[in-house]
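Below is one structure, written out as structure tokens; the observations come after it.
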Amino acid sequence: MTTKQLTNSLYGWVDERLGLSEIAAFARLKRVPVHAQSFWYYWGGISLFLFLVQCFTGILLLVYYRPGAEAYESVRQITFVMHFGWLIRSAHSWSANLMLFAIFVHMFSVYFMKAYRSPREFGWFSGMALLAIATVFGFSGYLLPMDELSYFATKVGLEIPNAVPFIGPAIATMLRGGAEVTEFTVQRFFALHVVVLPALFLPLLGFHLWLVQKHGNALPPSEEAKHPSDRKSIAFMPGFLVKDLAMWLISLNVLALLASVFPWSLGKQFDALAPAPLGIHPEWYFMSPFEMLKILGTVLPGEMGEIAGLLLFTLGILLWLLIPFYDRNKESGRRARTAHYFGILAVILLLTTTALGYWTIRQ
Amino acid sequence: MSSHIALEESRHPVTEPAGETTSRRGFLIAAGAAGLCYVTALGYPVYRYLASPAEMASSASAVTEVTLKDAQKLPAGSVLMFKFGPSPAMLIHHADNTWVALTAVCTHLGCTVQYEPQLNRIHCACHGGVYDPRTGANVSGPPPKPLKLFKVAVTDTGVEVSRA
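So the protein lines, in turn, are chains A and B. Start counting the first sequence at 256; every next residue gets the next number (the numbering used here). Start counting the second sequence at 10; every next residue gets the next number (the numbering used here).
Structure representation (structure tokens):
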């Protein structure tokens, strides 16, 4: 038998059992629309790539990380003793931030392209759930080194569930594993970060990706309006896939550059009796809600402000989440315009409060 | 099933101009080289990172002498387990006041052995290997080689164990 015959018979054997040619046929038929906004199609893929980087670097960190009382010491070892440990930790931190950034870009592009409309509502919901889990990944991972900054960020961050009426304090105590942030907190945040959250995230991600395959890429309203024969598209295999992978390569290069040129720092070990360091602030992706709560706190002082803030947040997020039920129609009517303005308002609010947050820290 | 593999074949006509084939080959070689660079650039740090403890252990195994503080007070007929470099070792103070130090790693499959003074033997619980507690000689059971002896020097402040 020649090599080609051997390959063919091997392929036939596997195909008969796994149905590879059905997948191959699907992949060959799959097409991706080409238009002025096509660039935004890559951001879901970039988010996915950065998530894979998180899995890879996370597993590597897991090799030496020890939760509990030794947490800080083990991160110190990873950063300063193990060869290239600083680089792997830096890549994990940078990639986490880039991933959240990519998810935000992906979410807003989906929003403004109105890709949440029928039949893609579940794509929107699962995507929002993935974003929510990703922020909890960020919050729980931030504590793990147990340095000064992570200690205080967690202390402050847990005040948010604490402010929920009636059940809040119980939730916060449960998350902390006590009245204060201690090694018990790191231990349970670790369990959350490496077991619970991945167990929730991975099946949801699978569902999200399956939906993308099922429904294909959504067309923005400007393309919807065109006659089908006027729309352009390229084949997924190999045209779009190659471009997608090129984006992954660019992401990898950006990540490698950031992680090696700006290595992630490790602060002093936390000290439960030391005062909070100056200029302490949440991660950028929590800055906007942090600042909004602060502003509301000055307008409505005391408990009233806290409760009003939480209510307002819940309402805003609920509206954002339920947008597919409000803005349903393909035609760009009044509701479509309202949804568009709501989106612009959300972007402006996020950007200004984030900028304001950083500006007040500088003061 | 295999139809589209055959299709791949017919997609490259034999009449293809020679220049195009060489440029394609050049591209593939360049892409392969770039890919190899990436794999190396990513693989090297990961390998060194994972190998860190092994490297530290090999520098620890370069140890030639260990001083066991206050070990001269070890009662006769008893044993002290200690680490010689990265591996376990044992210091035996025999009833006749002689001192013996040997590696405590069974030469059969690497279990840690134990000294049994009442039976006057060193025993490995994993597969029943037996060694002589004075010479380290493999007496019975599966061990293929004797346990290595160290040099022992007893002083007023401790016991110095060094490679023989």
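Glycine included, every Cβ here is placed at the ideal spot set by N, Cα and C.
For the region 335-349 of chain A, the set of residues with a beta-carbon nearer than 9 Å to any beta-carbon of chain B comprises Val336, Met337, His338, Phe339, Gly340, Leu342, Ile343, in chain order. Relative to the Cα of tryptophan 465 of chain A, the nearest Cα in the group A/Trp575, A/Gly274, A/Phe281, A/Val330 belongs to A/Phe281. Looking at the DSSP output, glycine 167 of chain B shares a beta bridge with B/Lys78.
The C-beta distance from arginine 286 of chain A to serine 488 of chain A rounds to 4 Å, short enough to meet the 8 Å contact threshold. The Cβ neighbour count for aspartate 165 of chain B, taken over all protein chains shown within 10 Å, is under 16; the residue is labelled exposed.
With contacts defined by Cβ atoms closer than 8 Å, glycine 138 of chain B and asparagine 147 of chain B form a contacting pair. With fewer than 16 other beta carbons inside 10 angstroms of its own, proline 556 of chain A counts as exposed.
Bridge pairing for valine 289 of chain A: A/Lys487 [DSSP]. For serine 149 of chain B, the pairing in a beta bridge is given by DSSP as B/Val139. Judged by DSSP in its simplified three-state form, alanine 134 of chain B adopts coil rather than helix or strand. Restricting attention to A/Tyr397, A/Glu277, A/Gly299, the CA atom closest to the CA of asparagine 472 of chain A is found in A/Gly299. Shown here for glutamate 438 of chain A: same chain residues with a beta carbon closer than 6 Å to its own, the five before and five after excluded, namely Gly323, Ala324 in chain order. Under the Cβ distance rule, valine 318 of chain A counts among the residues neighbouring chain B, one pair being separated by less than 8 Å. Relative to the Cα of tyrosine 58 of chain B, the nearest Cα in the group A/Tyr319, A/Leu459, A/Tyr296 belongs to A/Tyr319. Chain-order list of chain A residues neighbouring leucine 59 of chain B: Val318, by C-beta distance under 7 Å. Around leucine 315 of chain A, the beta-carbon contacts reaching into chain B at under 7 Å are Val55, Tyr58. Within the DSSP bridge table, the entry for alanine 110 of chain B names B/Leu100, B/Phe159 as partners. At the C-beta level, leucine 156 of chain B and isoleucine 131 of chain B come within 8 Å of one another. The beta carbons of methionine 362 of chain A and leucine 386 of chain A sit closer together than 8 Å. In the structure shown, the three-state DSSP call for valine 88 of chain B is strand. Annotation: the continuous alpha helix (DSSP H) that includes glutamate 277 of chain A extends over 275-284. DSSP places threonine 121 of chain B in the strand class (E or B) of the three-state scheme. Apart from sequence neighbours up to five positions away, the residues of its chain that approach alanine 326 of chain A with a beta-carbon distance below 6 Å are Met401, Val441, ordered along the chain. The continuous alpha helix (DSSP H) containing cysteine 310 of chain A extends over residues 297-317.
Where phenylalanine 580 of chain A is concerned, the enclosing alpha helix (DSSP H) starts and stops at 578-581. A buried status is given to tryptophan 379 of chain A, since no fewer than 16 other beta-carbon atoms sit within 10 Å of its beta-carbon.
Going by beta carbons, histidine 448 of chain A and leucine 399 of chain A fall inside the 8 Å limit. In this model, histidine 470 of chain A and leucine 513 of chain A are separated by some 36 Å (Cα to Cα).
Counting the other CB atoms within 10 Å of its CB gives alanine 389 of chain A a total of 16 or more, which places it among the buried residues. Here tyrosine 124 of chain B is near valine 88 of chain B, since their CB atoms are less than 8 Å apart. From the listed residues B/Leu51, B/Leu118, B/Ser171, B/Ala98, the smallest Cα separation to proline 151 of chain B is found for B/Leu118. Counting the other Cβ atoms within 10 Å of the Cβ of phenylalanine 525 of chain A gives 16 or more, which makes it buried. DSSP places asparagine 129 of chain B outside any alpha helix (DSSP H), giving it a letter other than H or E. For the region 310-367 of chain A, the continuous alpha helix (DSSP H) assignments of 4+ residues that do not extend past its boundaries occur at 326-335, 340-367, in sequence order.
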